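These notes are about the structure you will find just below.
Spelled out as structure tokens, the structure:
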């Protein structure tokens with residue numbers, strides 16, 4: 001009999017279903033990253049869920065990792081190309097793409113980062129905390145101009 005995740009767990013996967021995940025924590029917030037790298041990677045701002053707990057994966061053989069900087073990898077499905085997660089190499093932290101989650105109804109946008117790099121052509125209507133790139137670097141200690149802990 002298949003084991004089912006706890007009711008507070010979050011599940012999701014890529015477009016083709018080759019990669020699936022279970023997140024044991026019941027995270028309910030996401031952020032939007034407006035940095036140039038995230039916009040190029042996702043085609044717009046990255047809507048991101050910062051995970052504090054462990055993520056269990058199925059289909060890891062389909063995950064391709066691209067080292068986009070000295071401190072991070074951007075990971076995607078090799079079969080369908082879905083942006084899966086941003087991985088902070090030094091800490092092991094995972095930042096999942098919001099669109100992967102099976103149930104997105106309980107999420108609320110709480111923060112926008114790299115607000116100083118947001119193009120003028122779009123704006124989110126709900127009020128959130130906003131941080132410039134310099135403020136993000138100061139918080140996470142990346143120290144490099146193109147670090148982005150979406």
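Numbering (UniProt numbering), first residue to last: 1 to 150.
The beta carbon of each residue, even a glycine, is placed where N, CA and C say it ideally should be.
Just so you know, these numbers come straight off a predicted model, no measurement behind them.
| Asked | Found |
| --- | --- |
| Span separating the alpha-carbon of residue 131 from that of residue 35 | 11 Å |
| Contact under 7 Å by Cβ, residue 12 with residue 116 | no |
| Selection from 39, 96, 118, 71 that minimises the alpha carbon distance to residue 25 | 96 |
| Residue 81 burial status per 10 Å Cβ neighbour count (16 or more: buried) | exposed |
| Nearest neighbour of residue 57, chosen from 133, 19, 83 [CA to CA] | 19 |
| Reduced DSSP category for residue 77 - H, G, I as helix; E, B as strand; rest coil | strand |
| Coil, strand or helix - residue 130 by DSSP | strand |
| Residue 55 beta carbon less than 7 Å from that of residue 94 | yes |
| Burial state of residue 66, where buried means 16 or more other Cβ atoms lie within 10 Å | exposed |
| Beta-carbon proximity check, residue 98 vs residue 29, cutoff 7 Å | no |
| Sequence ranges, alpha helix (DSSP H) only - wholly within the stretch 26 to 85, length at least 4 | 36 to 42 |
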